[in-house]
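Heads up, the thing below is written out as structure tokens.
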Amino acid sequence: MKIEPITYNITFPDGEMYQLERALQRDGSILWRIREDPTGFCLGRDLQWHMDPFNSSKTDEYLKNTRFKYDEAINIIISFRASQNIKE
């Protein structure tokens, strides 16, 4: 049996927290989505927050914008914080 975490909390010194959640893709692969809180919004490559629709309503465009490899997700969070002028 293999046990893996499905959510990681990334917390910055200013208290801002983001969640990386595993997201099973239609092809069976695993990518990650970025959430700031449990409201259902995901951060996209465009550094904007997007409402996470029901599975049946998720377009390929939406998934391409909001699903990442792990290292890419970390870089998106860093880029987002830089775009908000948040100093570390």
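Numbered by this note's numbering, the letters in the sequence shown go through residues 128 to 215 in order.
For glycine and all other residues, C-beta sits at the position ideal for the given N, C-alpha and C.
6 Å CB neighbourhood of residue i in its chain, flanking five on each side removed
i: D179; result: G167 and C169
i: Y135; result: L147
Rounded separation between residue i and residue j - CA only
i: I204; j: N182; result: 24 Å
i: P165; j: M144; result: 11 Å
i: L174; j: S206; result: 8 Å
i: S184; j: D198; result: 27 Å
i: W176; j: Y189; result: 12 Å
i: T186; j: Q211; result: 27 Å
CB contact flag (residue i, residue j, <9 Å)
i: L147; j: A200; result: yes
i: W159; j: K196; result: yes
i: P132; j: R153; result: no
i: K191; j: R162; result: no
With 16 other Cβ atoms within 10 Å as the buried cut-off, status of residue i
i: G155; result: exposed
Same chain, Cβ closer than 8 Å to residue i, five either side skipped, listed in chain order
i: N202; result: none
i: I137; result: M144, Y145, Q146, L147, I201 and I204
i: T193; result: R160, I161, C169, L170, G171, R172, H177 and D179
Neighbourhood of residue i by C-beta distance below 7 Å, restricted to the same chain and skipping five residues each side
i: L151; result: I157
Within the region 159-205, ranges of the beta strand (DSSP E) (whole runs, at least 3 residues)
168-170 and 176-178
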